[in-house]
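J.: Using the numbering used here, the first residue of the sequence shown is number 2, and each one after it goes up by one. All C-beta atoms, glycine included, are put in the ideal place defined by N, C-alpha and C. Handing you a structure now.
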Amino acid sequence: MHKIFGYLFICAGLLLIFFSLIGMYKVFVNGNAVVPVIQLADLQLNTTYGLIQIPMKSISQVVNLGLFAIFMVFVLSAGSKIAGIGNGMLKNERIYEALLENAQATQEKETLKKL
């Protein structure tokens, strides 16, 4: 029973890892747009020379790319943790099976010695 859940956890973790890697590849290599989470308004400064307006569109884009990268790294780490849990479940199951096999082998040796 633990084998099934172990393999399911490994598959789910790998799916999350591939999802985050493909998402980052599409955004950073192919140039796809990210969902704008933060939109900064243009900054207006009063100086001695008059009113200066600083456009914040490029800074807003950089902030959104940073937030996207942080989110995808979080998804990637969550996928690795889930796959690690599945790996641990499989490892425990294999150790349990090896111990059972060893116990059966020692019982067979004991019965052969009695004969």
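Please return the same chain residues whose Cβ sits closer than 7 Å to the Cβ of Ala-42, not counting the five positions on each side in sequence.
T.: Stepping through the sequence shown from its first residue, residue 42 is reached at position 41. Met-57.
J.: So, is Gly-85 buried or exposed, given that buried needs 16 or more other C-beta atoms within 10 angstroms?
T.: By one-based count along the sequence shown, residue 85 stands at place 84. Label assigned to Gly-85: exposed.
J.: Tell me the rounded alpha-carbon separation between Ser-61 and Ile-11.
T.: To locate residue 61, count along the sequence shown from 1; it is residue 60. To locate residue 11, count along the sequence shown from 1; it is residue 10. For Ser-61 and Ile-11, the distance between alpha carbons rounds to 37 Å.
J.: Please determine if the segment 94–113 and the segment 32–51 are in contact, where contact requires at least 3 C-beta pairs separated by less than 8 Å.
T.: With the cut-off at 8 Å, the segment 94–113 and the segment 32–51 do not touch.
J.: Pairing CB atoms from the segment 103–113 with CB atoms from the segment 14–29, are three or more of them under 8 Å?
T.: As far as the Cβ criterion goes, the segment 103–113 does not touch the segment 14–29, which means the pair count is below three.
J.: Could you name the residues of the same chain whose beta carbon sits closer than 7 Å to that of Lys-1, not counting the 5 residues immediately before and after it, in chain order?
T.: Missing from the structure shown is residue 1; the chain here goes from 2 to 116 and no further.
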